[in-house]
Amino acid sequence: MKAADWCRSSAGAALVLATSSDAEHPAESVADGSSKTFWTTTGMFPQELIIGFPKCVKISKVAIQCYLVRTLRIERSTSKDPVGFEQCIEKDLQHTEGQLQMEEFPLPEFQATYLRFIIKSAFDHFVSVHRVMAEGTAENT
6 MKAADWCRSS
16 AGAALVLATS
26 SDAEHPAESV
36 ADGSSKTFWT
46 TTGMFPQELI
56 IGFPKCVKIS
66 KVAIQCYLVR
76 TLRIERSTSK
86 DPVGFEQCIE
96 KDLQHTEGQL
106 QMEEFPLPEF
116 QATYLRFIIK
126 SAFDHFVSVH
136 RVMAEGTAEN
146 T
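Going letter by letter, the sequence shown gives residues 6 to 146 in the numbering used here.
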């Protein structure tokens, strides 16, 4: 079975929660597949967003395109509701002046129905998240 990006709205992903809102740069932008649109935070950290998948998926790689993020934690849940999250990775990202941070996290395959991206700290008062990706295959249910 071919791996797909399960964080795209075209794959059935849905934004479940974002801790800040900006009408010009909504959180739903992280799932539209474009690096040109983005979600911007409104200051204060941590900030988080939760993406829900249409079914349980087996994830092998998670990636993010963002700007000014210092510390990122990614968690997963296999529950029917967005609860009971377990940490997958936490990493300090490199500051890339004037360009997007593009981070990939190859992971041992794991199941997930939700992913939570937590921006614990930043290099400035505001950050932008342009895309989140979760490469994997659908679980047979």
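Positions of the beta carbon are idealized from the N, C-alpha and C atoms, including for glycine. In this text the structure is predicted, and so the values were computed from the model without any measurement.
| query | result |
| --- | --- |
| What whole-angstrom Cβ distance do residue 79 and residue 67 have, given they're in contact under 8 Å? | 6 Å |
| Who are the Cβ neighbours of residue 92 in its own chain at under 8 Å, not counting the five residues just before and after it? | 78, 79 and 80 |
| Please name the residue, chosen from 98, 8 and 32, that lies closest to residue 121 on a Cα-to-Cα basis. | 32 |
| Under the three-state reduction of DSSP, which class applies to residue 35: helix, strand or coil? | helix |
| Does the region 89-107 come close enough to the region 15-23 to have 3 or more Cβ pairs within less than 8 Å? | no |
| Are the Cβ atoms of residue 83 and residue 52 separated by less than 7 Å? | no |
| Going by alpha carbons, who is nearest to residue 1 out of 57, 94 and 95? | Here the chain covers residues 6 to 146 and nothing more, so residue 1 does not appear. |
| Classify residue 23 as helix, strand or coil using the three-state DSSP reduction. | strand |
| Do residue 48 and residue 13 have their CB atoms nearer than 7 Å? | no |
| What three-state label does DSSP hand residue 117 in the structure shown? | strand |
| If distances are taken between C-alpha atoms only, which option among 144, 119, 140 and 127 comes closest to residue 54? | 119 |
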